[in-house]
Amino acid sequence: MKNEGSSSANPAERQRWREIFAGVGISPSKARGQNFLHDRKIVERIVDAAGVTTNDVVLEIGPGLGVMTRELARRARKVVAIEIDHALAEHLRATLPCSVELIEGDALQVDFSEAVGTDYIVVANLPYSVATAIIRRLQESDPPPRALTVMVQREVAERMCARPPDMSLLAVGVQFHGSAKVLFRVGGGAFVPPPRVESAVVQITAHPPPLPREEWASFFRIVAAGFARRRKQLLHVLSVELRLPRDTVARALATAGVTSQSRAETLGVADWLRVYAALCEAQELT
Ligand code: SAM
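Shown next as structure tokens:
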């Protein structure tokens with residue numbers, strides 16, 4: 207997959223950006239993942255990929271200087287944007303069209319359904335250090351967004367969309383709630399300042415989770431146990447981590463159609479659901 211995005215800015219451009227940042231009153235913060243998209247083609251490509259229409263309510267997390275927010279506002283019925291940085295929020299209040307509702311706050315704290323209602327999509331260039339926490343919070347919110355089209359670190363995008371035999375706890379978590387695919391990669395030249403890592407746009411389309419909410423914690427306790435020692439065989443790791451007799455685990459794996467020698471990375475969500483069901487049944491019988 208080739209990288210999209212124009213090359214890094216020249217010295218005059220860099221000076222222009224310094225002036226923009228000074229005018230807004232920020233010095234881009236690494237901790238807040240402040241790498242701003244300046245390549246309009248990439249912005250349009252992300253919004254196109256999200257399929258935003260005039261029927262959509264869109265939640266953008268981290269609008270930054272508002273480049274993508276303005277494109278979203280042109281196409282959507284309503285845009286709600288959550289920005290944590292006070293100086294950026296002030297700048298956005300002064301410059302965004304009044305059709306955009308700006309919330310100054312932390313996307314790890316804001317109540318999404320209160321902010322956007324019950325039927326919405328998410329389009330964002332996420333702050334990378336908290337991207338997986340934000341995605342998890344969105345997917346677990348009630349109701350979750352219909353779809354997320356988000357830029358994240360490329361390696362994270364690929365891990366979220368992995369298939370057996372390359373699964374991780376992150377992949378099981380994301381795919382439990384939706385179907386995920388990497389749409390395209392984006393090179394560092396599309397951002398100011400360029401991030402140290404490569405980027406990619408990932409799309410996650412929500413599907414109803416295969417278990418009721420009250421069983422999520424028990425299911426993921428078993429999956430997390432499986433990944434606790436990812437190189438070890440499941441029979442061993444599940445019996446040690448869950449403190450269960452080996453023969454109980456062996457029977458459950460057999461019932462689930464998973465060989466005892468399998469490792470966690472080789473199981474998809476459907477396999478884990480069978481292991482979970484078989485372990486629940488085995489524990490009830492013991
Ligand atoms: N959307 C803009 C763009 O593409 O140019 C900026 C994206 S930048 C990668 C991430 C943005 O998220 C920054 O504006 C940053 O201040 C904001 N941010 C960081 N942590 C946040 C959080 N916990 N909640 C809301 N916004 C956050």
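At position 38 of the sequence shown (counting the first as 1) the number is 244 in this note's numbering, and the numbers step up by one without a gap.
By construction, the Cβ of each residue, glycine as well, lies at the ideal position given by its N, Cα and C atoms.
Can you name, in chain order, every residue of its own chain whose Cβ lies under 7 Å from the Cβ of residue 463, other than the five neighbours on each side?
So the list reads 480, once near-sequence residues are dropped.
Residue 239 CB to nearest heavy atom of the ligand SAM below 6 Å
Distances from the CB of residue 239 to the heavy atoms of the ligand SAM include at least one below 6 Å.
Check whether residue 313 and residue 341 have beta carbons under 7 Å apart:
No, the pair does not count as a contact, with Cβ atoms beyond the cut-off.
Proximity of residue 431 and residue 441 at Cβ, strictly below 7 Å
No, the Cβ-Cβ distance between residue 431 and residue 441 is not below 7 Å.
Got a sec: does the ligand SAM put a non-hydrogen atom nearer than 6 Å to the Cβ of residue 481?
In this structure, residue 481 has its CB at a distance of at least 6 Å from all heavy atoms of the ligand SAM.
Residue 213, buried or exposed, once every other Cβ within 10 Å from all chains shown has been counted against 16:
Residue confidence is low: residue 213 scores 49 on pLDDT, short of 50, so the model does not pin down where it sits. No coordinate-derived value is stated.
Go through the stretch 363–392 residue by residue and report every complete run of the alpha helix (DSSP H) that reaches 4 residues or more, in order.
Counting whole runs of 4 or more residues, the stretch 363–392 contains the alpha helix (DSSP H) stretches 375–383.
Is it the case that the stretch 354–373 contacts the stretch 322–330, given that we only count it when at least three CB pairs across the two stretches are under 8 Å?
Cβ pair count under 8 Å is three or more, so yes.
List the endpoints of the continuous alpha helix (DSSP H) containing residue 221.
It spans 217–230 - the alpha helix (DSSP H) in which residue 221 sits, taken as one unbroken run.
How close, in whole Å, do the beta carbons of residue 400 and residue 241 come, if the pair is a contact with beta carbons under 8 Å?
Right, their Cβ atoms sit about 7 Å apart.
Regarding residue 302 and the ligand SAM, is the C-beta to nearest heavy atom distance less than 6 Å?
Not one heavy atom of the ligand SAM falls within 6 Å of the beta-carbon of residue 302.
Hey, how far is the Cα of residue 233 from the Cα of residue 384?
When the Cα atoms are used, residue 233 and residue 384 turn out to be separated by approximately 36 Å.
So what's residue 475 in DSSP terms, helix, strand or just coil?
Helix at residue 475.
So, residue 365 versus residue 376, is the Cβ gap smaller than 7 Å?
The beta carbons of residue 365 and residue 376 sit closer together than 7 Å.
Using the three-state DSSP reduction, which class does residue 253 fall into: helix, strand or coil?
Here residue 253 carries a helix assignment [DSSP, helix/strand/coil].
Who does residue 359 pair with in a DSSP beta bridge?
Beta-bridge partners assigned by DSSP to residue 359: 405.
Is residue 438 helix, strand or coil by DSSP?
DSSP places residue 438 in coil when its eight states are reduced to three.
Would you mind working out which of 389, 436, 388 and 367 sits nearest residue 379, comparing C-alpha positions?
Comparing C-alpha distances from residue 379 to each of 389, 436, 388 and 367 shows the shortest one belongs to 367.
On a CA-only basis, which of 388, 404 and 387 is nearest residue 394? Give me that one, please.
Ranked by Cα distance from residue 394, the first of 388, 404 and 387 is 404.
Would you say residue 313 touches the ligand SAH, meaning its beta carbon is less than 6 Å from a heavy atom?
The ligand SAH is absent from the structure shown, which contains only the ligand SAM.
Chain C contact for residue 384 (CB, 7 Å cutoff):
Absence of chain C from the displayed structure is noted, only one protein chain being present.
My understanding is that residue 436 touches residue 469, with C-beta atoms under 8 Å, so please give their C-beta distance in whole angstroms.
Sure, about 7 Å apart at Cβ, within 8 Å.
Rounded to whole angstroms, how far is the Cβ of residue 290 from the Cβ of residue 238, which I believe are closer than 8 Å?
Their Cβ separation, rounded to whole angstroms, is 7 Å, which keeps residue 290 and residue 238 in contact under 8 Å.
Report, in whole angstroms, the separation of the C-beta atoms of residue 264 and residue 258, which I expect to be a contact under 8 Å.
Going by Cβ atoms, the distance from residue 264 to residue 258 rounds to 6 Å, so yes, they are a contact pair.
Secondary structure at residue 290, three-state DSSP: helix, strand or coil?
In the three-state reduction of the DSSP assignment, residue 290 falls in the coil class, being assigned neither a helical nor a strand state.
Residue 324 in three-state terms, based on DSSP:
The answer is coil: DSSP assigns residue 324 none of H, G, I, E or B.
Verify the contact flag: residue 525, CB atom, against every heavy atom of the ligand SAM, threshold strictly below 6 Å.
Given a span of 207 to 492 for the chain in the structure shown, any question on residue 525 remains unanswerable.
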